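S.K.: Numbering (the UniProt record's numbering), first residue to last: 1 to 107. Positions of the beta carbon are idealized from the N, C-alpha and C atoms, including for glycine. Predicted model only: the values in this text are computed from it and were never measured.
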Amino acid sequence: MKKINFRELYPDVYTTDFFVDVTEEVMETIRAAERAETAYERKMYRYKAQYSLDCENGIENAVLLKPQTPEMLLEEKQFQEYIAKCTHRAKPAEKNATYRKPRRVGV
């Protein structure tokens, strides 16, 4: 059995020393977690990462192209049709008719 100090693991909760006996397996798990955290901090420092490498902050989502759902495809198609209608110039009815450019008003 090994003794660990909870004040070292949880300094916000335990302000004084609080020793607990734990098994070798638990102690090894705690040490492995500490080593992983130290390696993570070293990795962030080494690669000058100013953001969390594991955080769900949208960086991963911005890079990945996710497959669109049928609803998204339909909305996109309707939006493109709407834009095409709004920006489409009316074509002249006759071959000889010409399109008149609108005049500027009030300057």
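#1: Taking 8 Å as the threshold (C-beta atoms), are Val22 and Met1 in contact?
#2: Taking only runs of the beta strand (DSSP E) that begin and end inside the region 1-28, which ones reach a length of at least 3 residues, in chain order?
#3: Looking at the ligand NAD, does it come within less than 7 Å of Thr69, judged from the CB to the closest heavy atom?
#4: Tell me the DSSP secondary structure of Ala49 in three-state form.
#5: Could you compute how far the alpha carbon of Arg103 sits from the alpha carbon of Leu73?
M.R.: Considering the structure as presented:
#1: Looking up residue 1 in the sequence shown gives position 1. Looking up residue 22 in the sequence shown gives position 22. Yes, these two residues count as a Cβ contact at 8 Å.
#2: 2-5, 19-22, all fully within the region 1-28.
#3: In the structure on display, the ligand NAD does not appear, and there are no ligands present to speak of.
#4: Stepping through the sequence shown from its first residue, residue 49 is reached at position 49. In the structure shown, Ala49 sits in coil (DSSP, three-state: anything other than H, G, I, E or B).
#5: As a first step, residue 103 is located in the sequence shown; it is residue number 103 there, counting from the start. As a first step, residue 73 is located in the sequence shown; it is residue number 73 there, counting from the start. Rounded to the nearest angstrom, the two C-alpha atoms are 39 Å apart.
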